[in-house]
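I have placed the structure first, in the form of structure tokens, so that the comments after it can refer back to it.
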Amino acid sequence: MKRQVLFLVALIIVVGTLWGGLSRIHQFGDPGAAPMDDYYLHNAQAERSANNIVTSIVFDYRGFDTLGEAAVLFTAVCSVLVVFRKGGHN
Amino acid sequence: MYSLSVIVRTICDVFAWFLAVFGVYVIIHGHLTPGGGFQGGAVVATLFAFLLVAYGGKKFIPFYKSSLFSWFETVGLLLFIGTGLVGLGTTFFYNFLAGQGGLFGSTVPIGPNSGVLNSSGTIALMNMAVGVEVIGGLSLILYYMFKGIRLYEESGSEETGHDR
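Just so you know, the sequences run in chain order A and B.
Take 10 as the starting number for the first sequence in this note's numbering and just add one per residue.
Take 16 as the starting number for the second sequence in this note's numbering and just add one per residue.
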């Protein structure tokens, strides 16, 4: 009985938070004010001289994020090596 | 894993190198066309999956130099971080080559154009570094997982290699 009450309280909190967030979201197809996007679209080709603006965002404006992705790949290879290694614990 | 029939192996011989060339094209033209280092590296790493499926492990494991691809991964990541660190005079990941002339320094005309390969500064260098890293990383994951399966099968389909 206590578990059901706790579950109901948690459900109300989660659904209320989601509903509150989703009811304030912008309309579909109307992204609202986007000065950052407009800056990229108008200036990326002149500043970084790359045609592909997605690449110039990923590798230049947000290069730190790509560094994290590369580190994630490195960590994945290390963990696969550890899991599939030969031999026991000693 | 045994090698497949001669039809599959012939198709692999013919088409695997087109696959490698296409992946390298996607990496090198990352600043001009859709794609980039991650995508092109994944396409090249598909070549090794293709070779493994077509030729089987007995031929693939001596062919695949795992230490070389381990170096690929390390050097790619270090080259990426190093290219970011060289621009540290302004900020981390500053594009110090773009528009300066010289290596990857051509300016592009504003608006739609047919593309200049020698442009975009460090973006092209980082694409190549990430491409080399992804080639090494994904093919190493494939290699280690395949060796894990072999270890499992050789031990009589009972896991004795890990827990005792």
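The beta carbon of each residue, even a glycine, is placed where N, CA and C say it ideally should be.
Could you tell me the alpha carbon to alpha carbon distance between residue i and residue j, rounded to whole angstroms?
| i | j | result |
| --- | --- | --- |
| Val91/A | Ile76/B | 19 angstroms |
| Gly38/B | Thr48/B | 13 angstroms |
| Val81/A | Leu83/B | 20 angstroms |
| Phe65/B | Gln36/A | 45 angstroms |
| Ile156/B | Ser85/B | 10 angstroms |
| Gly51/B | Asn61/A | 10 angstroms |
| Pro40/A | His44/B | 31 angstroms |
| Tyr49/A | Leu93/B | 28 angstroms |
Counting only beta-carbon separations shorter than 8 angstroms, does residue i have a partner in chain A?
| i | result |
| --- | --- |
| Ser82/B | no |
| Ala113/B | yes |
| Leu118/B | no |
| Glu174/B | Note that Glu174/B scores a pLDDT of 49, beneath 50, so its modelled location is shaky and nothing firm can be said. |
| Tyr159/B | yes |
| Ser20/B | no |
| Ile125/B | yes |
CB-CB under 6 angstroms to residue i, same chain, minus the five flanking residues each way: which ones, in chain order?
| i | result |
| --- | --- |
| Ala60/B | Ile150, Leu153 and Ser154 |
| Ala139/B | His46 and Phe119 |
| Ile26/B | none |
| Val147/B | Phe87 and Gly91 |
Using beta-carbon positions only, say whether residue i and residue j come within less than 8 angstroms of one another.
| i | j | result |
| --- | --- | --- |
| Ser135/B | Ser58/A | yes |
| Val145/B | Phe63/B | no |
| Gly102/B | Phe108/B | yes |
| Val89/A | Met143/B | no |
| Ala69/B | Arg24/B | yes |
For residue i, count neighbouring Cβ atoms within 10 angstroms of its own Cβ and tell me buried if that reaches 16, exposed if not.
| i | result |
| --- | --- |
| Asp69/A | buried |
| Thr64/A | buried |
| Asn52/A | exposed |
| Ala43/A | exposed |
Is there a Cβ of chain B sitting closer than 8 angstroms to that of residue i, yes or no?
| i | result |
| --- | --- |
| Gln36/A | no |
| Gly72/A | yes |
| Asp69/A | yes |
| Ala53/A | no |
| Val86/A | yes |
| Arg57/A | yes |
| Leu76/A | yes |
| Ala79/A | yes |
| Leu50/A | no |
If you drop the 5 nearest sequence neighbours on each side, which residues of the same chain put their C-beta closer than 7 angstroms to that of residue i?
| i | result |
| --- | --- |
| Tyr158/B | Tyr79 and Ser81 |
| Phe53/B | Val145 and Val149 |
| Leu112/B | Leu118, Phe119, Gly120, Gly136 and Thr137 |
| Asp28/B | none |
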